[in-house]
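Each number in my numbering corresponds to the 1-based position in the sequence shown with 63 added. Beta carbons: idealized from backbone N, C-alpha and C, even for Gly.
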Amino acid sequence: MKRAVIFDVDGTLLDTTEGVLSSVKYTIAAHRLPPIADGELLSFIGPPIQDSFAKHYGLEGAVLQELAATFRERYKEGDVLKALPYEGIYEVCDELARRGITIAVATYKRQDYAERIMKHFGFDRYTDIIYGADHENKLKKADIIRKCLEAAEVEPREAVMVGDTEHDALGASAAGIDFIAVTYGFGFRKKEDAIHLEHTLGVAEKPREILDHIG
């Protein structure tokens, strides 16, 4: 029996496409970088923003922090709340709460953004265990998950991580907890992309199917 469910945000609780891509495009233009096709821009949603700029532009060092600062300022001021809850996700949280299962949030969004967006969309009524990234991008997903485990006062075997990307799956594995993949977000596109990953309990094509994999 699981006592805690830890959710990712982007692509799991919320469709954050509009806000994230708006800030990414602004940052690219502000720093006079070559434009990226919209389809490729989707890969910026979820991972740390520095990692995405490093991957796509081959950059390293201080310039990545400059890009991150531009992105974060734009995101904070105008784009952070441009998101939509996935259909059925509130019902999932309602059922978990009814079962007495602790809900937590582990995201690569910066801590203050995570708290703001969770409150805005009403997820704070389910939990105050909300952990995000630090300003210097030192925390890995496993570190953030471990913070949730400690706050929820549960052992790794008693928890499961729900997310839409390999970052979430690898973080769960490193933290020693089980994983439920979702294919309605930005990372995994089909069941076969995730079912083979370590500690994976199952795959949900819709939010309501998450409950099918929680004993």
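Annotation: Ala100 is outside any beta strand (DSSP E) and is labelled neither H nor E by DSSP. In this chain, the alpha helix (DSSP H) harbouring Ala238 covers 229-238. The criterion of a C-beta distance shorter than 7 angstroms is not satisfied by Phe116 and Leu104. For Leu264, the uninterrupted beta strand (DSSP E) segment begins and ends at 263-267. Selection Val83, Leu274, Glu218 evaluated against Arg173 yields Val83 as nearest (Cα-Cα). Per DSSP, Met224 lies in no alpha helix (DSSP H); the unbroken beta strand (DSSP E) holding it starts and ends at 222-226. In this structure, the straight-line span from the alpha carbon of Gly121 to that of Glu140 is close to 28 angstroms. Of the candidates Thr90, Ile164, Gly185, Asp114, the residue whose Cα lies closest to the Cα of Leu77 is Gly185. Arg271 and Ile152 have their C-alpha atoms some 7 angstroms from each other.
Straight-line spacing of the CA atoms in Ile193 and Glu218 works out to 18 angstroms. For Thr165, the enclosing beta strand (DSSP E) stretches over residues 165-173. Within its own chain, the residues whose Cβ lies closer than 6 angstroms to the Cβ of Tyr171, once the five positions on either side in sequence are excluded, are Pro111, Ala196, listed in chain order.
Lys254 and Ala237 have their C-alpha atoms roughly 21 angstroms apart. Shown here, Val217 sits in coil according to DSSP, grouped into three states, outside any helix or strand. When secondary structure is reduced to three states using DSSP, Val83 falls in the helix class. In this structure, DSSP gives Val155 a helical state, which the three-state scheme calls helix.
A residue is called buried when at least 16 other Cβ atoms come within 10 angstroms of its Cβ; His230 meets this threshold and is buried.
Under the three-state reduction of DSSP, Ala257 is assigned to coil, being neither helix nor strand.
In this structure, the alpha-carbon of Glu261 lies about 11 angstroms from that of Gly234.
Between Ile69 and Phe249, the gap from beta carbon to beta carbon reaches 7 angstroms or more.
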